[in-house]
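Inspection log for the structure reproduced underneath, given as structure tokens.
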Amino acid sequence: MRPGSSTSSAVGSYLSLAVFSAAALALSVAASLLFWPSQAGKETPGVQGAEAVPALSFEDATGAAVSLADFRGRAVLLNIWATWCGPCRKEMPALDRLQTSLGGTDFVVVALSIDRGGLGAVQPFFDEIGIAELAVYLDESAAAMSALGITGVPTTLLIGRDGGEIRRWAGPAEWDSPEMEALIRAQAGLATTGTSPPSSNAKVKQWTALPVRQV
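Number 335 in my numbering belongs to position 155 of the sequence shown; there are no gaps in the numbering.
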């Protein structure tokens, strides 16, 4: 064996290990950006009135300023979404049907788009899929994401009449299913239809939310 060969071999092995470790770390970071953690697609329970949702401001389809406080007195299902998000697009008709079923003086679905294209991106999509009951709400700066501590879409919050967060979902759900409707009625204190309240895991798809990034 030539002098120094052991040292060279050891250095080479160390470098190989370092490269492998760096690659593994990079893959781990990439995975964390692409997917929610283990709570993805599941509900995160909260307590009504325990913590008020931040005072969010956004716009409607006419460009008029709207505040989340404008809905105080009604339970709100706040859905943060974007047209470039496949799961968001897929669940939008169900949210529209939920608004048809429960919407009124006691409850409203607020679908808040974070599309940078604003109304020009949202309205054609709504027209394409026949959205009839949901109003257009726009947050082109995605300020609501930061205020609510959200990193992926769709994310949905159930907000009580007093403005406190009751529950949130990371990822899409079957919003118009009987189980989900009963869950929302029970948690938001809406009039029931005689159906027994379901478990808190009612009809929530085990999908992941998408990271908030656009090209």
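Here a beta-carbon is modelled for each residue, glycine too, at the ideal position from N, C-alpha and C. Note that the coordinates shown come from a computational prediction; the quantities given were computed from them, not determined experimentally.
{"Item": "Residue from D240, S357, P352 whose Cα sits closest to the Cα of L299", "Value": "D240"}
{"Item": "Spatial neighbours of T263 in its chain, beta-carbon cut-off 6 Å, leaving aside the 5 residues before and after", "Value": "D295, A301, F305"}
{"Item": "Rounded C-alpha distance that separates P267 from L338", "Value": "19 Å"}
{"Item": "Opening and closing residue of the beta strand (DSSP E) in which V302 lies", "Value": "Per DSSP, V302 belongs to no beta strand (DSSP E); it is in the alpha helix (DSSP H), 299-309."}
{"Item": "Cα-Cα separation, A204 to E345", "Value": "Summary for A204: the model assigns pLDDT 42, below 50, so the residue's position carries little reliability, and this model does not support an answer."}
{"Item": "Exposure label - G332; buried when at least 16 CB within 10 Å", "Value": "buried"}
{"Item": "Length of the line joining the Cα atoms of S281 and F287", "Value": "10 Å"}
{"Item": "Contacting residues, own chain, Cβ-Cβ under 6 Å from S326 (five flanking each side not counted)", "Value": "none"}
{"Item": "Where D276 falls: helix, strand or coil (DSSP)", "Value": "helix"}
{"Item": "Reduced DSSP category for E271 - H, G, I as helix; E, B as strand; rest coil", "Value": "helix"}
{"Item": "Range covered by the alpha helix (DSSP H) that runs through E313", "Value": "Where E313 is concerned, there is no enclosing alpha helix (DSSP H), given that its DSSP letter is neither H nor E."}
{"Item": "Option in L314, K270, E308, G253 with minimal Cα separation from Q279", "Value": "L314"}
{"Item": "Start and end residues, beta strand (DSSP E) containing I364", "Value": "Premise fails: I364 lies in the alpha helix (DSSP H), 358-368, not in any beta strand (DSSP E)."}
{"Item": "Where A322 sits in the DSSP three-state scheme", "Value": "coil"}
{"Item": "Identity of the residue in I311, W261, R277, L257 nearest D319 by Cα", "Value": "W261"}
{"Item": "Element boundaries [beta strand (DSSP E), containing L257]", "Value": "255-261"}
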